[in-house]
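Contents: one structure, followed by commentary.
In the working numbering, the protein residues as written are 4 to 396.
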């Protein structure tokens, strides 16, 4: 199959689909965007100062893997947050946001064959769309596993046939999950990593929402892997400053794993990737070292979680999530609900089907809408009240 043919069956990305659905229709009120997960809390107040101090770095080629200062700051953050020691020289690489890493790690680490057959990449359904594109790009078979209310909004990979698991090369897991906000427990991660050890596949843990939570901090996959004594190459984790630090435009994150995995990912970056500019690396190092702004932002999200619970009190399945900043709200039909909300109120939300894939005629996101809680609390409250009154009363 040629490269273009591989992509011919991919659906359009979620937001072009949303524009095609809604833009031909006039909004029913003042437009309020609650679709995209773009944080709108204040970014750390020292960003401009650090950038100005390091502005001359734009005149130099940056370190491909990440500067010593940046990798050291990330390693120290991992130790503080997860109690895990990561060697910055061999087990880390800086990223242009997690999307780059989630894509390129698949290209770098997925074999052409697994046990002589086409490899499988396991993907939770719904999912962040880059997972599927990465699998298709490498020529693997994407297997979409439902992450529904019945499974705690996390995929039950252990329920798959042995033949599929034996061909699996990579399993993506997002915790806290996008869009549902479910958190993988230590027991869940322990079982998944044990399954990966048994069937010899890698776990790609997308943890970019890990610092936005209501109660206890979400468990990290690397922490559990070390606790189990798993193969150091078994787990690959991805983090970003976009959500943690309200810096989606900085395009800064990291990937951490065993030395062999990181060697291969770095090698691909050397030929085909784009390192972070030096000044951005300097800013990122400072941001990873600071926790005060993260705590302040998390408190603002906690207020919105409580407010959402108040607005949707008594509506089954509409409680705010454990973590992340999306509501995953049950409706009869996500597209119909998004259209009605837009034409009657001007509130813009994303149909859940646009984040999912049809499997055997069923789409686990079809009866949901995703609502982003990123705006200031009063604006968010107004949007949620209009949504509730339009769809649930």
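Every residue, glycine too, gets a C-beta built ideally from N, C-alpha and C.
Neighbourhood of residue i by C-beta, 7 Å cutoff - its chain only, sequence neighbours within 5 removed
i: residue 46; result: 248, 249 and 250
i: residue 202; result: 168, 169 and 171
i: residue 65; result: 278, 279, 280, 281 and 284
i: residue 41; result: 251 and 377
i: residue 108; result: 207, 239, 258 and 268
i: residue 189; result: 222 and 227
i: residue 318; result: 395
i: residue 78; result: 89, 91 and 95
C-beta atoms of residue i and residue j nearer than 8 Å
i: residue 167; j: residue 124; result: no
i: residue 259; j: residue 240; result: yes
i: residue 401; j: residue 378; result: Look at the range of the chain in this structure, 4 to 396, and you will see that residue 401 is not part of it.
i: residue 36; j: residue 351; result: yes
i: residue 304; j: residue 388; result: no
i: residue 345; j: residue 184; result: no
i: residue 229; j: residue 87; result: yes
i: residue 284; j: residue 98; result: no
i: residue 76; j: residue 292; result: yes
i: residue 85; j: residue 295; result: no
i: residue 193; j: residue 326; result: no
i: residue 355; j: residue 179; result: no
i: residue 349; j: residue 119; result: no
i: residue 211; j: residue 38; result: no
i: residue 373; j: residue 49; result: no
i: residue 205; j: residue 112; result: yes
i: residue 159; j: residue 200; result: no
i: residue 198; j: residue 161; result: yes
i: residue 236; j: residue 24; result: no
Spatial neighbours of residue i in its chain, beta-carbon cut-off 8 Å, leaving aside the 5 residues before and after
i: residue 265; result: 93, 94, 95, 96, 258 and 259
i: residue 310; result: 380, 383, 384 and 387
i: residue 67; result: 269, 272, 273, 276 and 278
i: residue 362; result: 128, 147 and 149
i: residue 301; result: 214, 215 and 216
i: residue 58; result: 282
i: residue 334; result: 340, 370, 371, 372 and 394
Status (buried if at least 16 other CB within 10 Å, exposed otherwise) for residue i
i: residue 381; result: exposed
i: residue 121; result: exposed
i: residue 103; result: buried
i: residue 18; result: exposed
i: residue 134; result: buried
i: residue 298; result: exposed
i: residue 360; result: buried
i: residue 22; result: exposed
i: residue 34; result: exposed
i: residue 16; result: exposed
i: residue 364; result: exposed
i: residue 263; result: exposed
6 Å Cβ shell around residue i - same chain, five flanking residues per side excluded
i: residue 165; result: none
i: residue 307; result: 376, 380 and 383
i: residue 366; result: 356 and 359
i: residue 90; result: none
i: residue 60; result: 281 and 282
i: residue 136; result: none
i: residue 140; result: none
i: residue 151; result: 367
i: residue 20; result: 357
The alpha helix (DSSP H) enclosing residue i, as first and last residue numbers
i: residue 140; result: 133 to 141
i: residue 274; result: 262 to 275
i: residue 109; result: 100 to 112
i: residue 242; result: First-last for residue 242: 238 to 243, but that is the beta strand (DSSP E), not the alpha helix (DSSP H).
i: residue 3; result: The question about residue 3 has no answer, for the chain in this structure spans 4 to 396.
i: residue 85; result: 71 to 85
i: residue 25; result: 17 to 25
i: residue 340; result: 337 to 348
i: residue 201; result: 189 to 202
i: residue 229; result: 224 to 231
i: residue 308; result: 295 to 314
Cβ separation of residue i and residue j, assumed to be a contact under 8 Å, to the nearest whole Å
i: residue 370; j: residue 336; result: 7 Å
i: residue 438; j: residue 261; result: No answer is possible for residue 438: the residues shown for the chain start at 4 and end at 396.
i: residue 238; j: residue 173; result: Rounded, the Cβ-Cβ distance is 11 Å, inconsistent with contact.
i: residue 353; j: residue 341; result: 7 Å
i: residue 175; j: residue 153; result: Contact flag wrong, Cβ pair sits at about 20 Å.
i: residue 145; j: residue 126; result: 5 Å
i: residue 187; j: residue 157; result: 6 Å
i: residue 314; j: residue 54; result: At roughly 39 Å, the Cβ-Cβ gap does not stay under 8 Å, so residue 314 and residue 54 are not in contact.
Endpoints, the beta strand (DSSP E) within which residue i is located
i: residue 371; result: 371 to 375
i: residue 146; result: 144 to 149
i: residue 332; result: 329 to 333
i: residue 51; result: Here residue 51 belongs to no beta strand (DSSP E); instead the alpha helix (DSSP H) covers 50 to 56.
i: residue 173; result: 171 to 177
i: residue 205; result: 205 to 209
i: residue 125; result: 123 to 128
i: residue 368; result: Where residue 368 is concerned, there is no enclosing beta strand (DSSP E), given that its DSSP letter is neither H nor E.
i: residue 258; result: 256 to 259
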